[in-house]
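Shown next, in structure tokens, is the structure this report addresses.
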Amino acid sequence: MGSGATRDGAISRAHECVDGGAYLDDLARRVAIPTESQVPEQAAELYRYQNDEIGPSFERLGFNCKLIDNPVPDRGPAMVATRIEDPSLPTVLIYGHGDVVRGLQSEWRDGLEAFAVTIEGDRVYGRGVVDNKGQHTLAMSAMGAVLEERGGKLGFNAKFIIETGEEQGSPGLKKIVEDYTDLLACDMFLGFDGPRKSITRMDLNLGCRGGVFFDLIVDLNRPGGMHSGHWGGVLPDAGIILAHAIGTIISKEGQIQIKEWLPESVPAAVLKACRELVVDPLDGSPEPDPNWGQPGITAREKTIAYTSFVVLAYSTGNPDNPVNAVPSYAKARCQVRYTVDVERDVFIPALRKHLDEHALHAVEINTNIGRDQFPASRTDPDHPWVNWVKESIVTTTGTTPNVLPCSAGSNPSELFKAGLDVPVVWIPHSYSGCNQHGADEHGLRSMFREGIGVVAGLFWDLGDRATPRG
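Heads up: the sequence shown at position 148 corresponds to 148 in the numbering used here, and the numbers run straight through without jumps.
What follows is the structure, encoded as structure tokens:
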């Protein structure tokens, strides 16, 4: 390391990646590869992204790369890149995903293309700009800046895992972590994904709520359509039976009625973190309804520290072309979001017991709905690594970051926390209005610039300050 190398120098180099255009050039190449993991015909693009773009980029940074085929058939591969300078140094595993949701080109406004970067003022448009190509590109660029400032050294060991199935629930990722525990071994997991709660300060996200998806089905197995004039009132209506079933699960005020689904208690550190969150109101977004959901807790606690239940879709009869017939079939796709304070395995048995107690034996529960579901995860907000990362961010920004015990949405935190026995910290670099899964997905260049400086400062500190590794 040259005698003139400094933390500020590394941050300045990182800022120049954004100011000078190198970061956006890298991002544009990556966005141009249509890695839609939900489109089977794009499977080859997942390999192209890894082999032609990500692998060579890591190799230029001095990493050794290993492409791992997905153990689940017809799913995308993962790239593991490692740079070990000294086994005695701290090791950080960094996560990103190269797949994106469907491009939805027909829904983008005029002048924008899903698979091309377009810059308008502070906004950077393109599918994957925030979810997630822009975020792992930011981490790679920040690492390059530290390497340049330190004369080709990091001062710590770095590993990356870039998967290509996150938008499908990360099928196969758990098995990859289990099979390659030694390759992925680290002292801390650092992820870059998702939006921040506030544009004015960074977030530290320590996990996620888990998701349980299932279908509720009423199938009365009647042949043909029974005329509603002749048979209405004397034959059971599948749609009405299903509506009553849902009404026993959740009240008209949105309160969950199955006590086994709810946490008996929430740790004090989690409640404290919820109280201290700074959240920006988002133009055009609705205000949380104080009369909806579990009573006696705040809106933040409802989405971060508690269980929620949603009916994602409901169908009976033919809504687009109704006919005069008594429905014999009805289905609802349902979702429960939960925290680590409730065991994952209790939800379906408790639901079956609840329905039977209400004499709703005709309601079937189908959990085989074709998608992987992330388990809940949470690193202790008081964990030494959390405080260490927080101090690094304060040093760079002068502002204390938000600490979210877990995100309201899902991510693969627990696969790494449990699989590698390490703390998990996420630092997102997007904002709530980014349209990450819709048309006109975009990030903010100013937020990328701030974020790349923060991450460069964090990487500098990993090679310069004592870490909690002991």
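Yeah, the Cβ is synthetic: ideal placement off N, Cα and C, and Gly gets one too. Computed from a predicted model, the values in this text were never measured in an experiment.
Between Gln335 and Val310 the beta-carbon gap is near 5 angstroms, inside 8 angstroms, which marks them as a contact. Of the residues Ser12, Glu113, Lys417, Asp86, the one whose Cα lies closest to the Cα of Asp380 is Lys417.
With a cutoff of 8 angstroms on beta-carbon distance, Phe189 and Tyr95 are scored as near each other.
Gly443 places its beta carbon 8 angstroms or farther from that of Val117.
Only residues of its own chain outside the window of five on either side were considered, and among them Phe214, Leu216, Ile348, Leu351, Arg352 have a CB closer than 7 angstroms to the CB of Ile365, listed in chain order.
Between Gly103 and Glu36 a beta carbon distance of about 6 angstroms is seen, short of the 8 angstroms cut, so the two are scored as contacting. Per the coordinates, the alpha-carbon of Asp182 lies some 32 angstroms from the alpha-carbon of Ser430. Taken atom to atom, the span from the alpha-carbon of Asp131 to that of Val212 is near 23 angstroms. Assigned with DSSP and collapsed to three states, Thr118 falls in strand.
The residue among Leu462, Asp464, Gly457, Gly463 with its C-alpha nearest the C-alpha of Arg13 is Gly457. A straight-line Cα-Cα distance of about 9 angstroms links Pro223 and Ser328. Asn51 carries a helical assignment under DSSP once its states are collapsed to helix, strand and coil. Your pair Leu46 and Pro77 checks out as a contact, with CB atoms roughly 7 angstroms apart and the cut at 8 angstroms.
By the criterion of a C-beta distance shorter than 8 angstroms, Leu404 is surrounded in its chain by Lys197, Asp203, Leu204, Asn205, Leu206, Ala273, Leu277, Ile304, once the five residues flanking it on both sides are discounted. The alpha-carbon of Lys390 is positioned some 50 angstroms away from that of Val218.
Shown here for Ala313: same chain residues with a beta carbon closer than 6 angstroms to its own, the five before and five after excluded, namely Arg333 in chain order.
In this structure, DSSP gives Arg465 a state outside helix and strand, which the three-state scheme calls coil. Asp193 and Pro87 have their C-alpha atoms roughly 28 angstroms apart.
DSSP, read as helix, strand or coil, puts Gly211 in strand.
Going by DSSP, Val403 is part of the beta strand (DSSP E) stretching over 402 to 404. Of the other Cβ atoms in all chains shown, fewer than 16 fall within 10 Å of the Cβ of Gly121; this residue is therefore exposed.
Residue pairing for Phe309: DSSP places it in a beta bridge opposite Val336. With contact defined as three or more Cβ pairs closer than 8 angstroms, the region 140 to 152 and the region 61 to 69 are in contact. With a minimum length of 4 residues, the unbroken runs of alpha helix (DSSP H) contained wholly in the region 157 to 219 fall at 173 to 179, 181 to 184.
DSSP places His442 in the uninterrupted beta strand (DSSP E) bounded by 442 to 444. Ile33 is a Cβ neighbour of Glu53, given a cutoff of 8 angstroms.
Annotated as proximal: Val424 and Ser413, with beta-carbon spacing under 8 angstroms.
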